[in-house]
Each structure stands twice: as structure tokens, then as C-alpha cells.
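Those letters in the sequence shown? Residues 5 to 162, by this note's numbering.
We treat Cβ as the ideally placed atom computed from N, Cα and C, and that holds for glycine.
Worksheet: the structure to be examined is printed underneath.
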Amino acid sequence: MAIWHEKFSLEHVISLRNNNLNKHLCIEFTELGEDYIVARMPVEDFTRQSRGILHGGASCVLAEALGSIASNMCIDMRKQKAVGLEINANHVRPVSSGYVTGKTTVASLGRSVHVWNIDIKNDAGKMNCVSRLTTAIVNLKDDEIIRNSELLDSLLKT
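Right, dumping it as C-alpha cells:
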């Protein structure tokens, strides 16, 4: 069952999230389903810690990128926004090369709080990190409503 507020495409997701930290960590959104999003991130020098394995913080960035965009896609972004409230991550297997791929699925969609599960796996499909993101749904201020409405309307025209 579709959970998204609008009829989004993968291209919409990419244009919404292809900025800032996601861009610096080369996070690529690769799949959009009716109730999930998939993205991947390379395990290279800029995502590794000093011991040569994927930095746990990089896994958290991937998890938050996935859960945050998913949460925002479930609400009317012309009137509200989803903001990170809490993230946790269990790093269960080290990864030293290749890519890690994360998939976010909903655990709970409330009016004011969303909870997302994000499983991150290595190229062999083995679990690397199990994460959970909680977002708060907040109303936009008047100036944000105008800006977000214009942005979303122009995005959905494409």
C-alpha cells in the first residue's frame, strides 16, 4: 500500500536529497517503492574511519537521509516538515570496501511522530547496520509555507 502524500518518482527523490552532506558522501538514491526507499553509499577513504572500515557516523548519515526523506514524503510538505528527533544504530558487521545499501521502511506513521527502520547491508547482502530514525512532524512558519509550496509545485511539474 502506497504511503506517500504525493505521486513521487525516483527522480523527485533524487532532486530533493541530492545536496549538502548526501552529495559529499556520494549517497545515491536507487529505488522508490510504494512504502520504501533504497540508497547506497561508497565505502572509500572519505567514509572510512582510521581503522579502514566504514565509519559508524557515515552509516547514520545514510540512515537519516533515507528516513528523513521518507518521512517528508508522507506529509504535505507545503504545510509541514519532518525533522530528526532521534537516531540509533547498531553496527553489526564491519565493511571496508565496495558499497553499503540502505532500505528504509516505516515502523509507525503518527500525526506528530514517524518511526523508520533502516537496514544497511554490504555488497554481499549481509547486514552491516540496523538503524531506527524517529522524526517529529512540525508545522511550517508562514514564510516556509510559501517557499516550500513553490519548491514542491515546481518539482512535481517535472
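- The criterion of a C-beta distance shorter than 8 Å is satisfied by residue 93 and residue 63.
- Unbroken beta strand (DSSP E) runs of no fewer than 3 residues, entirely contained in the stretch 51-82, are not found.
- With a threshold of 16 other beta carbon atoms within 10 Å, residue 65 meets it and is buried.
- In the structure shown, residue 27 falls within a helical segment according to DSSP collapsed to helix, strand and coil.
- Within the stretch 108-140, no run of alpha helix (DSSP H) reaches 4 residues while sitting entirely inside it.
- Here residue 32 carries a strand assignment [DSSP, helix/strand/coil].
- Here residue 113 has 7, 78 as same chain residues with Cβ atoms under 7 Å from its own Cβ, once five neighbours each way along the sequence are excluded.
- In the three-state DSSP reduction, residue 144 falls in the coil class, being neither helix nor strand.
- Scanning its chain for C-beta atoms nearer than 7 Å, with the 5 sequence neighbours on each side dropped, one finds around residue 116 the residues 140, 141, in chain order.
- Counted as a single uninterrupted DSSP element, the stretch harbouring residue 7 is not any beta strand (DSSP E), since DSSP gives it neither H nor E.
- Bridge partners of residue 104 according to DSSP: 45.
- Where residue 88 is concerned, the enclosing beta strand (DSSP E) starts and stops at 84-95.
- Between the alpha carbons of residue 76 and residue 44 lies a gap of roughly 19 Å.
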